[in-house]
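Using the working numbering, read the sequence shown as starting at 42 and increasing by one per residue.
What follows is a set of notes on a single structure, which appears directly below.
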Amino acid sequence: MATTVTPHRSPHQKTVRRAVAGSFVGTAIEWYDFFIYGTAAALVLGPQFFPGSSDLAGTLAAFATLAVGFIARPIGGVVMGHFGDRTGRKSMLVVSMVLMGTATVGIGLLPTYDSIGVWAPVLLVALRFVQGIGVGGEWGGAVLMATEHAPPGKRGLYGSAPQMGVPAGVILANVVFLVCTQSMSEQAFLAWGWRLPFLFSVALIAVAMWIRLGVLETPAFQAAADDDRIARIPIVEVLATSWRTVLLAGGTFIATNGIAYVLMVYVLSYGTTELGFSRGTMLTLLIASCPVWMLGMGLSAHLSDRLGRRRVYVASAIALLATSAVFFPLIDTASVPVMLAAMLVLAFVLGCTVGPQSAVFAELFPAHLRYSGASLGYQVGAILGGGLAPFLATWLYARFGTTLAISAYFVAVSLVSLACAVALLRPRRATAAFAPAPAQPELQPLVEKVA
């Protein structure tokens, strides 16, 4: 029996602009919340919540709780992906924002170990877990808001908007920390100043909520609902029909996410404790690299619309393999200009690797399973990449006494991600319709480009 298909109607341009703006702003603020923990973990959280016999033990413990957020992310992706595929993208983006804001402000108000003893790290871990739940559901929904509102031939470019929100969140988080560290004494910063970036989240969340509440549901989800194509348990259907796709998609993201978190989190700690630079210097270097990171995202996303996802995605993965191998030898020169150049180049290449990612992940799954499938693939890569990377980098350096061990780790994960990208996007691999309705005219050109 033939399936009745609801005709697809292009959304009004104003609606599209608000959807893309909401994806960018909301993602930037959610990642601001997520990243300020990483910055605080590198700078102050060890002695505040995990006082121990050595600075290394405290830093490792703080980075371990960073990983807790990543462990929670797949849970958030699964739960919000389920409801996002059943009730709509918009509602889950609002829920994720509320969870993230509540947990972030909670961390800013949390008493330290000296005040409440063991309950301090316990509550810190619990709030970090809630942060992970919130951000776990954020990426998939924000990506779909952008790509499912995008006009034909521009899904890569529009999908890069929420990706750009990630380095924007890094800039915002580190600018706030830089202002705090430079405007008060170190004693005041360690005593109470580190809390201000967490409490500042209240104002940012209010802005993002205002934008998101005004965004309409995506045409793709609306068409799936109108045609009665809503899955009863989307995640089960995804795992039953596309488990290999989910694993390969996650694999392509391991290197990008892991290396990015070493750049954003571990390098701050390494630069201050091992190379002797001030917090301000290391934060300034990281902030300077973020606009270049965003430039790489926009450029590669645009090229993926013109040249095809596979060509751009694989070329970027090869470039990441090469640049990550020489990153730490350049950092170890302890020359600020050389360090800046290394961080700029690595940031640009990292941007190139994730620019097309939104469109790639979204195009792998049909509309009624897309939130669940894209979110799960992304979070699998995140937990195997970024969740462990700062901890592993700290441990590798402590164990071997050289950053060559970290460089070897970079090369290993880059090879894994490159192999996954080649397997995932091999010719004629992508067969999942991206259309809100199966008969959407631009489907065939899309499949050719992904292939």
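Glycine included, C-beta positions come from ideal geometry on N, C-alpha and C.
The structure presented is a predicted model; accordingly, all values stated were derived computationally and were not measured.
In terms of alpha-carbon separation, which member of the options lies closest to residue i?
i    : options                : result
C221 : A62, A329, L324        : L324
E227 : W284, G149, G321, F170 : G321
G418 : Q398, P431, F432       : Q398
R130 : E258, M205, L240, D373 : E258
A113 : A69, L340, L425, V390  : L425
L391 : L410, L361, W235, A366 : L361
P332 : A264, M250, L254, I212 : I212
S376 : L219, G312, A232       : G312
V243 : G142, W251, P431       : G142
M363 : E278, V452, G149, L237 : Reading the sequence as shown, one finds Ala at residue 363 and not Met. Ranking E278, V452, G149, L237 by Cα distance to A363 puts V452 first.
L84  : Q420, L219, A108       : L219
Throw me the rounded Cβ distance for the residue i and residue j pair, which I believe falls under 8 Å.
i    : j    : result
V454 : A202 : Wrong, their Cβ atoms sit about 27 Å apart, outside the cutoff.
S345 : G197 : 4 Å
G291 : G422 : 4 Å
L240 : V146 : 6 Å
G255 : R59  : 6 Å
I271 : H123 : Actually they are not in contact, since the Cβ atoms of I271 and H123 sit about 11 Å apart, beyond 8 Å.
A383 : I372 : 6 Å
Does residue i come out as helix, strand or coil in the three-state DSSP assignment?
i    : result
M225 : coil
F406 : coil
A471 : Low confidence applies to A471: its pLDDT is 41, below 50, so where it sits in the model is not reliable, and the reading given next is rough at best. In the structure shown, A471 sits in coil (DSSP, three-state: anything other than H, G, I, E or B).
V256 : coil
I372 : helix
S132 : helix
W251 : helix
I271 : coil
S137 : helix
G442 : coil
W233 : coil
P5   : Here the chain has residues from 42 to 492 only, and residue 5 is not among them.
T188 : helix
S319 : coil
K195 : coil
T153 : coil
V85  : coil
Do residue i and residue j have their CB atoms nearer than 8 Å?
i    : j    : result
G79  : M335 : no
G396 : G299 : no
Y438 : A449 : no
L168 : L151 : yes
A209 : Y199 : no
V166 : T106 : yes
M380 : R253 : no
S341 : V353 : yes
G427 : A301 : yes
P238 : I77  : yes
T68  : A183 : yes
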